[in-house]
Structures are given as C-alpha cells and as structure tokens.
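Down below is the structure, laid out as structure tokens.
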Amino acid sequence: MYNKSTIIGRLGTDPEVRFTQDQKAIANLRVATTETWKDRQSGERKEKTEWHRVVLFGKLAEIARDHLKKGALVLFEGPSRTRKWQDKDGKDQYTTELHAEEMKMLGSKSGSNSSSDSSTSTSQSADYPSNYDDFDDIDF
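Residue 295 in the numbering used here sits at position 35 of the sequence shown, and the numbers go up by one each step.
Structure (structure tokens):
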C-alpha cells in the first residue's frame, strides 16, 4: 500500500511557522484548489474551491516561511495523515493534513516577478518530530 497525495493550489495565507522545544520548525499552510466546469443544463460556468491543510517540517518549513506568501501557486507531495485531538470542550476532533515531503514553487500569483513557467523544487526526507501527536495545539 502507498499513501502519497499531490496538491497544486494557491496559499490562502502566509505560512504560519512555529518551533518545537528542540527548535525544529513546523509550518502550517492552507491551500486552495479550485475546479471549474460547465453546467450541462444551463451552460453556465461553475466553480468549487476546496481548502487543504498542509504541514511542513524542518528545513522545508523554514524555506516556506522565507519564500512563500499568500496567493503563491505551489505543488505539495507527501502522505496524508489524520490526527485526533480534543477541542476546548473536550470533544474529539479530527484533522486530515498532507505532510509534505516535496514542495515545488510554481510561480507568482501575478507573474510580475517570475514567469508562470518558472519553478523551484525542494524536498526533504520525512523529518517529522517523533512525538507529532503531542502538538494538539497546532491548528488553523
């Protein structure tokens, strides 16, 4: 079995970076993907946007902090993970996130600083904290 997801989308906010007690960076990102289609009955153009949670660890988190901004078009690849946590009322909550192992910056939103063809690729080995489940407070 193989667990690998790929998301190509735009950042909804600047990366939110925090550090563990041993100073390893963790970046939380919100990424929007939009699909468009033509309604068969009305002929009208429709679109739907989905929001995805992406988490980066270590050097990849630091690179995102330094180089990504809201609106950036980015590709992320890595395994999807669902974690359980409790909200302030003690109710169980579940969050599914892509734990990115690879990131490719696909160009700027406006294209003014770089062409839409330009890209920068960065990857890392899985540099997840061994006790990632202890980070229940990491949320958007």
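Idealized CB from N, CA, C, for every residue including glycine.
Every unbroken alpha helix (DSSP H) inside the region 281-343 [4 residues or more]: 318-327
Y354 in three-state terms, based on DSSP: Within the sequence shown, the letter at position 94 stands for residue 354. It is a strand residue.
Beta-carbon proximity of T294 to K306, cut-off 8 Å: Residue numbering aside, residue 294 sits at position 34 when the sequence shown is read from its first letter. Residue numbering aside, residue 306 sits at position 46 when the sequence shown is read from its first letter. Against a cut-off of 8 Å, the Cβ pair of K306 and T294 comes out as no contact.
For E361, three-class secondary structure by DSSP: The count along the sequence shown starts at 1 and reaches residue 361 at position 101. The answer is coil: DSSP assigns E361 none of H, G, I, E or B.
E276 versus Q301: straight-line alpha-carbon distance, rounded: Taking the sequence shown and counting its residues from 1, the one referred to as residue 276 is at position 16. Taking the sequence shown and counting its residues from 1, the one referred to as residue 301 is at position 41. Using only the alpha carbons, I get a separation of about 42 Å.
Spatial distance of A287 from W297 (CA atoms): Here residue 287 corresponds to residue number 27 of the sequence shown, with the count starting at 1. Here residue 297 corresponds to residue number 37 of the sequence shown, with the count starting at 1. Spanning the two alpha carbons is a distance of roughly 33 Å.
For H327, the nearest candidate out of E310, T273, R313 (CA to CA): Working through the sequence shown from its first residue, we reach residue 327 at position 67. The shortest Cα separation from H327 among E310, T273, R313 belongs to T273.
Candidates I268, R341, D282, G350: closest to E357 by CA position: Against the sequence shown, residue 357 aligns to sequence position 97. Nearest C-alpha to E357: R341.
Beta-carbon separation (whole angstroms), I267 vs F317, contact threshold 8 Å: In the sequence shown, counting from the first residue as 1, residue 267 sits at position 7. In the sequence shown, counting from the first residue as 1, residue 317 sits at position 57. Wrong, their Cβ atoms sit about 16 Å apart, outside the cutoff.
Proximity below 8 Å, CB of G331 to CB of R270: Residue numbering aside, residue 331 sits at position 71 when the sequence shown is read from its first letter. Residue numbering aside, residue 270 sits at position 10 when the sequence shown is read from its first letter. Yes, the Cβ-Cβ distance between G331 and R270 is below 8 Å.
Cβ-Cβ distance between L333 and G367 below 8 Å: As a working note, residue 333 is residue 73 in the sequence shown. As a working note, residue 367 is residue 107 in the sequence shown. Against a cut-off of 8 Å, the Cβ pair of G367 and L333 comes out as a contact.
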